[in-house]
Each structure stands twice: as structure tokens, then as C-alpha cells.
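*Asks:* Please see the structure below; I have some questions.
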């Protein structure tokens with residue numbers, strides 16, 4: 040699975056001084072530097088270097104400063120990583136290549152160019168915003184068939200944790216959860232039910248979500264009575 044490549048690539052980028060998080064905006068890996076504005080690096084993971092990996096990188100290129108393709112090194116050294124045509128295509132497209140060995144070591148096969156690419160400022164802004172809002176690194180890069188723990192889901196779970204103690208006023212939740220009003224009103228996941236104006240309780244779906252993703256209760260004002 041691609042997730043087996045995530046931690047080696049994450050450690051590689053962290054050694055270069057980046058803060059790395061997985062599964063942001065459809066990207067397997069997003070890394071930000073400490074600069075202002077930050078340098079944005081996107082990594083895409085596949086078990087082998089193939090055309091699909093290149094196409095994913097092309098799709099991500101406008102939203103970042105660097106794109107790295109990462110795949111497992113073939114056992115006999117006869118995979119795409121040893122194909123000069125594939126490496127030259129990556130160079131022409133401006134992508135870096137990382138090979139991950141069976142021991143988890145990372146080898147730089149192609150370095151991306153230092154010239155700045157054309158940017159899609161909206162996509163870039165969404166990646167940076169989600170990276171900065173997300174608490175910790177809860178999603179393993181390369182994950183499939185499982186809900187991604189986005190910053191929005193994290194805040195929704197924080198609301199659910201607070202409401203697990205009983206109905207709460209929105210205004211009491213806002214100090215700890217700034218977007219509580221929007222999250223409760225829109226109720227994207229069906230976790231919340233309005234009992235009266237400005238007051239919400241947790242639904243059965245919300246209790247089930249807390250069993251799946253246990254949370255520490257949010258420090259909020261006293262329970263609504």
C-alpha cells in the first residue's frame with residue numbers, strides 16, 4: 040500500500056526543515072517550510088513509478104513550489120526508476136523523484152528545478168490553509184477508502200465531544216471552536232440536532248462518530264440547563 044511510503048517520505052522532508060502532513064486537498068503529502076509565505080511541497084506516492092503518478096503530479100503542480108514523485112524501488116533495479124526516459128521526462132516537467140527502498144531509506148533520483156513554476160493561487164491557498172488549520176498529522180498519506188481527518192472534521196468532532204455532555208449553546212462553544220456556529224448549522228455529517236434557537240444536542244450518528252474517533256471533551260462554558 041502507498042501508506043507504507045508515507046513515513047519515509049515524511050521523515051525525508053522533515054530533515055529538510057518542512058512540516059509534513061498527509062492527505063490534504065487530494066495530495067498524498069503536503070509540506071510547508073517555516074518561511075512567510077511558506078514554500079509548498081507536494082508529494083505523490085505510488086508503489087511503482089508509472090504514468091498515473093506523472094498525471095497526478097501534473098495536476099498538483101500549479102498549487103505548489105515543488106512536486107516530488109515517490110515510489111518503491113524495484114527489487115532488481117529494473118523499474119521505471121532506472122529508465123532514463125522516465126527520469127528525463129520528470130526533469131522536463133520539473134518534478135523530483137524519490138525512490139524508497141525496502142528498508143525505508145529514501146534516495147533522491149531526480150531533483151526538481153530551482154525556478155519557480157506557474158502557480159494556481161487558489162489551489163495553493165487551499166492547501167496551505169488546510170495544512171495550517173489541521174491539528175497534528177491525523178491522516179496517513181496514500182490512504183484510500185477511509186474518511187480523511189480534515190480540519191473541518193476535527194472541529195466537528197470537537198463540537199460532538201462538547202455536546203456529548205448534553206445540549207450546549209453555540210456561544211458557549213465558540214471560544215474553543217471558532218467555527219462552531221457554521222458547523223452546527225450546516226450539519227454536514229448529521230451529527231447535530233437543534234433543540235431550540237442557538238442550542239444543539241448530539242444525535243445517534245454523532246455518538247457513533249465519537250466511538251469511531253474518540254475525543255477529549257472541549258473546555259467550554261457550563262452545560263446548558
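Residue numbers (my numbering): 40 to 264. Where a beta carbon is used, it is the ideal one built from N, C-alpha and C, also for glycine. Note that the coordinates shown come from a computational prediction; the quantities given were computed from them, not determined experimentally.
1) Assuming the contact rule is C-beta atoms closer than 8 Å, residue 81 and residue 45 should be a hit. Round their C-beta distance to whole Å, please.
2) In or out: residue 110 buried (at least 16 other Cβ within 10 Å) or exposed?
3) Measuring alpha carbon to alpha carbon, tell me which of 164, 221, 108, 101 ends up nearest residue 87.
4) At which residues does the alpha helix (DSSP H) containing residue 134 begin and terminate?
5) Determine the DSSP secondary structure at residue 92, reduced to helix, strand or coil.
6) Apart from the five residues just before and just after residue 60, which ones in its own chain have a Cβ nearer than 7 Å to its Cβ?
7) Which residues in the same chain have their Cβ closer than 6 Å to the Cβ of residue 187, if we skip the five residues on either side of it in sequence?
8) Within 8 Å, do at least three Cβ pairs link the region 190 to 203 to the region 47 to 57?
9) Using DSSP with H/G/I as helix, E/B as strand and the rest coil, what is residue 62?
10) Measuring CA to CA, which of 159, 98, 113 is closest to residue 134?
11) Excluding five sequence neighbours on each side, which residues of the same chain lie with their C-beta closer than 8 Å to the C-beta of residue 91?
12) Residue 71: which of 244, 104, 94 sits nearest, CA to CA?
13) Report the three-state DSSP secondary structure of residue 124 (helix, strand or coil).
14) Can you look up residue 74 in the DSSP assignment and give me helix, strand or coil?
15) How about residue 265 and residue 254: do their beta carbons lie closer than 8 Å?
16) How close, in whole Å, do the beta carbons of residue 230 and residue 248 come, if the pair is a contact with beta carbons under 8 Å?
17) Can residue 101 and residue 166 be called in contact, C-beta distance under 8 Å?
18) Identify whether residue 265 lies in helix, strand or coil by the three-state DSSP scheme.
19) Going by DSSP in three states, residue 43 sits in which element: helix, strand or coil?
*Replies:* Per the coordinate set shown:
1) The pair is not a contact, with the Cβ atoms about 13 Å apart (cut-off 8 Å).
2) buried
3) 108
4) First-last for residue 134: undefined, no H or E at that position.
5) helix
6) 69, 170, 173, 176
7) 62, 178
8) no
9) strand
10) 98
11) 85
12) 104
13) helix
14) coil
15) Past the boundaries of the shown model lies residue 265; the chain is included only from 40 to 264, so the question cannot be answered.
16) 6 Å
17) no
18) Residue 265 is absent from the structure shown; the chain starts at 40 and stops at 264.
19) helix
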